[in-house]
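For reference, the structure is listed below as structure tokens.
In the UniProt record's numbering, the protein residues as written are 1 to 172.
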């Protein structure tokens, strides 16, 4: 039987994780693998949407004119333009969004949430928010939530320093 040996910091130049760092990392791995599945399951059952589809519709529904250039929407949803295009195509087939040329730049395309898309988001939002509260928000104190937000912002800045951290309309 082979015993797992954890290397000690030192001779090989690798900065191995301490036991506390390893536990924090493994907990993060569990969160990033189980949270999306839970959100997807709840939204599929309650609204017939994946979490990413809900996220796209939600972003569009919060805009005053309910439309956004696809490239900007990809940034705000932390998605590739290719992935977003595929999802928007599915949502368009369901009558939840439509695509149209950007009047400011005919080479660009805008996604526009339809009245049906807004209706679906308005119906899905209460159960989704309750699920998010149950899984995350209500599990943490306000101070813990603020610490989590700060930690997430630091990690996100390392993952993509050029990415927008939040939609502009949340600042108003």
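Cβ coordinates follow ideal geometry from the N, Cα and C atoms, glycine included.
The C-beta separation of residue 53 from residue 91 comes to about 6 Å, placing the pair in contact by the 8 Å criterion. In the DSSP assignment, residue 68 forms a beta bridge with 111. Of the candidates 41, 46, 42, 84, 84 places its Cα closest to the Cα of residue 59. Remark: three or more beta-carbon pairs, one from each stretch, lie closer than 8 Å, so the stretch 105-125 and the stretch 38-47 are flagged as touching. Cβ contact annotation for residue 87 (same chain, cutoff 7 Å, sequence separation greater than five): 52, 53, 56, in chain order. For residue 20, the enclosing alpha helix (DSSP H) stretches over residues 19-47.
Residue 133 counts as exposed, since fewer than 16 other beta carbons sit within 10 angstroms of its beta carbon.
In this chain, residue 14 is not harboured by any alpha helix (DSSP H), its DSSP state being neither H nor E.
Under the three-state reduction of DSSP, residue 160 is assigned to coil, being neither helix nor strand. Between the C-alpha atoms of residue 36 and residue 95 there is a straight-line separation of about 25 Å.
The stretch 102-111 and the stretch 68-82 touch, with no fewer than 3 CB-CB distances between them shorter than 8 Å. Shown here for residue 43: same chain residues with a beta carbon closer than 7 Å to its own, the five before and five after excluded, namely 49, 50, 51, 54, 124, 128 in chain order.
Counting of Cβ neighbours within 10 angstroms places residue 24 among the exposed residues, the total staying below 16. When secondary structure is reduced to three states using DSSP, residue 142 falls in the helix class. DSSP places residue 83 inside the alpha helix (DSSP H), whose first and last residues are 81-93. Membership of residue 62 in any beta strand (DSSP E) is not indicated, and neither H nor E is assigned to it by DSSP.
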